[in-house]
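Reviewing the structure listed below.
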Amino acid sequence: SQTIHQWPATLVQPVGSPLSLECTVEGTSNPNLYWYRQAAGRGLQLLFYSVGIGQISSEVPQNLSASRPQDRQFILSSKKLLLSDSGFYLCAWSAGTSGSGADTQYFGPGTRLTVL
Amino acid sequence: GDSVTQMEGPVTLSEEAFLTINCTYTATGYPSLFWYVQYPGEGLQLLLKATKADDKGSNKGFEATYRKETTSFHLEKGSVQVSDSAVYFCALSSTGANNLFFGTGTRLTVIP
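Note that the protein sequences, when read in sequence, are chains A and B. Going by my numbering, the letters in the first sequence line up with residues 1 to 116, in that order. Going by my numbering, the letters in the second sequence line up with residues 1001 to 1112, in that order.
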């Protein structure tokens, strides 16, 4: 069966510090991968998605970047964090081919980031 | 563009009460529709889905029917439990799209 891991689970960082959040998926090949942010009291906002190694699409302009160095690894980064980067970051995967089930996304446990 | 409008909360119900959380959508083509649930401190879990008109998704006593004529996918449960307390998100995936469009979420609290 497929599993998705995210770490760290919680993180407290000062403004201006760098960020690296990691997400890995097991039990599937060539998944689509996604990063979402959930700000306090708000819905989910898609930040990035990737359909393959080295292929990253950004949905909103921001202070963050994403990379996919391996098929099942997705990394969210920032060179200098802002207060507004605080939130709950969720990684998700979906089947990498069209057809049944490709539209369903499965989420990791999330990382709660607080920028002070 | 594609969007989801979800009933705003919070919703507080007594145990064994009937639950309805409204969700309507705007989309081109024939989207797939989803309900996700987020328990306190956790990520999102898929609760149920429907991929075409008149389909009914169901899981754990929850149901939702894909109504194309009213562009709706309302979530219902006949008798809620304290353990159902969570935030519920309606979402859609358009044909050929690479992402889900989420509603803002509805917080449900069930009291004994």
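Glycine included, C-beta positions come from ideal geometry on N, C-alpha and C.
Identity of the residue in the options nearest residue i by Cα
i	options	result
F1102(B)	L46(A), S57(A), G52(A)	L46(A)
S29(A)	G108(A), R72(A), P109(A)	R72(A)
T1070(B)	T1026(B), Q1038(B), V1082(B)	T1026(B)
L34(A)	L116(A), T111(A), R112(A), S94(A)	Checking the sequence, you will find Tyr at residue 34(A) rather than Leu. The shortest C-alpha separation from Y34(A) is found at S94(A).
D1084(B)	G1041(B), K1060(B), S1072(B)	K1060(B)
S1093(B)	P1040(B), G1029(B), V1110(B)	G1029(B)
N1099(B)	E1015(B), F1034(B), E1016(B), L1013(B)	F1034(B)
Y36(A)	G96(A), L83(A), S58(A), G16(A)	S58(A)
T1051(B)	G1041(B), K1068(B), Q1038(B)	K1068(B)
I75(A)	G43(A), Y106(A), T111(A), S86(A)	T111(A)
A92(A)	V12(A), G16(A), Q38(A)	Q38(A)
G1009(B)	R42(A), P8(A), A9(A)	R42(A)
L81(A)	H5(A), P8(A), G16(A), Q6(A)	G16(A)
T24(A)	A9(A), H5(A), A40(A)	H5(A)
S84(A)	A40(A), G54(A), W7(A)	A40(A)
F1089(B)	F107(A), K79(A), G96(A)	F107(A)
G96(A)	G52(A), I56(A), K79(A)	G52(A)
Within chain B, partners of residue i - CB distance below 9 Å
i	result
Q105(A)	F1034, Y1036, L1044, L1046, A1091, S1093, N1099, L1100
Interface partners of residue i on chain B, CB under 7 Å
i	result
L46(A)	N1099
P109(A)	E1042, G1043
Contact list for residue i against chain A, beta-carbon separation under 9 Å
i	result
K1068(B)	Result: empty, since nearest Cβ-Cβ is about 17 Å, beyond 9 Å.
K1049(B)	D103, T104
8 Å Cβ cutoff met for residue i and residue j
i	j	result
K1046(B)	T114(A)	Position check: residue 1046(B) holds Leu in this sequence, whereas Lys was assumed. The answer is no: Cβ separation not under 8 Å.
G1057(B)	P109(A)	no
T1106(B)	V1080(B)	no
D1054(B)	Y1066(B)	yes
K1049(B)	S1072(B)	no
N63(A)	S50(A)	no
F88(A)	A66(A)	no
T1012(B)	T1109(B)	yes
V1082(B)	P1040(B)	no
Q1006(B)	T1104(B)	yes
Proximal residues of chain B, C-beta to C-beta of residue i below 8 Å
i	result
L90(A)	G1043, L1044
Where residue i meets chain A, residues with beta-carbon distance less than 7 Å
i	result
G1105(B)	G43
Cβ-Cβ separation, residue j to residue i (assumed contact under 8 Å), whole Å
i	j	result
L116(A)	P14(A)	6 Å
E26(A)	Q2(A)	7 Å
S20(A)	S77(A)	5 Å
L44(A)	L11(A)	L44(A) to L11(A), Cβ: 19 Å. No contact.
is_contact[residue i, chain D] using C-beta, thresh 8 Å
i	result
I75(A)	Of the chains in the structure shown, none is chain D; the protein chains are A and B.
If you pair each beta-carbon of the segment 1066-1076 of chain B with each one of the segment 1009-1022 of chain B, do three or more pairs fall below 8 Å? yes
Contact between the segment 69-89 of chain A and the segment 1001-1016 of chain B (3+ Cβ pairs under 8 Å): no
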